[in-house]
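Chemist:
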Amino acid sequence: MGLQKKPPFSGQFSVNNFDTFFIIKHISGNDENFSNVSPFLVEKAITGSVGTVTSTKLMRSAISVQPHVTLNTSKGVITCGRLLNLSNEEITKELGGQEVKDVRAINIRRDGELMPTKHFILTFNTSRLPEYIKAGYVRCSVRPYIPNPLRCFKCQRFGHSKTNCRGTLTCARCAVAGHESTGCTAVEK
12 MGLQKKPPFS GQFSVNNFDT FFIIKHISGN DENFSNVSPF LVEKAITGSV GTVTSTKLMR
72 SAISVQPHVT LNTSKGVITC GRLLNLSNEE ITKELGGQEV KDVRAINIRR DGELMPTKHF
132 ILTFNTSRLP EYIKAGYVRC SVRPYIPNPL RCFKCQRFGH SKTNCRGTLT CARCAVAGHE
192 STGCTAVEK
């Protein structure tokens, strides 16, 4: 026999599905001494929490380790008309066994009114997106979710929002710095 091809990733996970990315924070003002703690106990605690570790190092100061909020998740889009009449909470509950932690329906606005579509954004508890999920007896393929670019309405640049902007106020109508677009009478560029 030759090399066997791996089966497609189906969204079914084993028990050893650990988070991959972690945030390490320094805890200041803590005078605890770590020299009295058993190294075997520490190793068991680390392995039980995060799985196999490639390297560990004893630090002088205390630190706190927690899973990263966004890097351990992935978002995908499914298209399924049979889920239209169900609430997001019900879909989340039923798909929880397939590592789905959040569901959001995509709505469009027609004539000033929100209309539901058959597309749903799923947030998975894994950094790897499954190829498909099973919604009851329906198999739905999962496509990567690509969000719209983030635009700043203060400086009119992309990649940040108005609340985090350090740029100058720029008109969205004429692209001249120094005034807002609400009172601008210049020709649109």
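In case it helps, my numbering puts the sequence shown at residues 12 to 200. Cβ coordinates follow ideal geometry from the N, Cα and C atoms, glycine included. Source: prediction; values computed, not measured.
1. Taking V61 as the reference, give the member of L52, P78, V48 with the closest Cα.
2. Between which two residues does the alpha helix (DSSP H) holding E101 run?
3. Could you tell me the alpha carbon to alpha carbon distance between T174 and R168, rounded to whole angstroms?
4. Cutting at 6 Å between CB atoms, please list the residues of its own chain near R162, excluding the five before and the five after it.
5. Taking 8 Å as the CB-CB cut-off, is S66 touching chain C?
6. Is it buried or exposed, F131, if we count other Cβ atoms within 10 angstroms and call 16 or more buried?
7. Exposed or buried, what is S172 when buried is set at 16 or more other beta-carbons lying within 10 Å of its beta-carbon?
Modeler: Taking the structure as given:
1. Checked all of L52, P78, V48; the closest Cα to V61 is P78.
2. Under the DSSP assignment, E101 falls in the alpha helix (DSSP H) whose first and last residues are 99-105.
3. If you take the alpha carbons of T174 and R168, they lie about 13 Å apart.
4. Result list for R162: F169, in chain order.
5. In the displayed structure, chain C is absent; only one protein chain is listed.
6. By the neighbour-count definition (other C-beta atoms within 10 Å, threshold 16), F131 is a buried residue.
7. S172 counts as exposed, since fewer than 16 other beta carbons sit within 10 angstroms of its beta carbon.
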